[in-house]
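In terms of our numbering, the sequence shown opens at residue 369 and continues consecutively.
Ideal Cβ placement from N, Cα and C applies to all residues, glycine included.
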Amino acid sequence: MKKFEYKAIQLKPTSLWSFNVSDQDVEEVLNKYGQEGWELVSIIDVNSSGTTTGYLVSFKREIV
């Protein structure tokens, strides 16, 4: 039976006044964890009053 470990991280805005997370920030995180063997499971936006304030990114990788 396969076993997995999971990791969840939150991507937050680059500044207090900007509620955007750049595409480059997302790509850097995805590539970093992908190179370490983590597989993307989901990206969920975190919002407050209808405004996106960040993203919750979940990964998994098989335990060998």
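What residues are listed by DSSP as bridge partners for D413? Numbered from 1 along the sequence shown, position 45 holds the residue referred to as residue 413. DSSP links D413 through a beta bridge to Y423.
Hey, would you say G418 sits closer than 7 Å to L379, going by beta carbons? Counting from 1 along the sequence shown, the entry for residue 418 is found at position 50. Counting from 1 along the sequence shown, the entry for residue 379 is found at position 11. Taking 7 Å as the Cβ cut-off, G418 and L379 do not qualify as a contacting pair.
Would you mind reading off the limits of the alpha helix (DSSP H) that contains E396? Start at 1 with the first residue of the sequence shown, and residue 396 comes out as number 28. 391 to 403 is the extent of the alpha helix (DSSP H) around E396.
Just the Cα atoms here: how many angstroms apart are V394 and E430? Residue 394 sits at position 26 when you count from the first residue of the sequence shown. Residue 430 sits at position 62 when you count from the first residue of the sequence shown. Roughly 23 Å separates the two Cα atoms.
Rounded to the nearest angstrom, what separates Y374 and W406 at their Cα positions? Here residue 374 refers to the residue found at position 6 of the sequence shown. Here residue 406 refers to the residue found at position 38 of the sequence shown. Whole-angstrom Cα-Cα distance: 8 Å.
Let me make sure I understand the geometry here. Which of P381, K400, N415 has the alpha-carbon closest to that of L408? The count along the sequence shown starts at 1 and reaches residue 408 at position 40. Considering only alpha carbons, the answer is K400.
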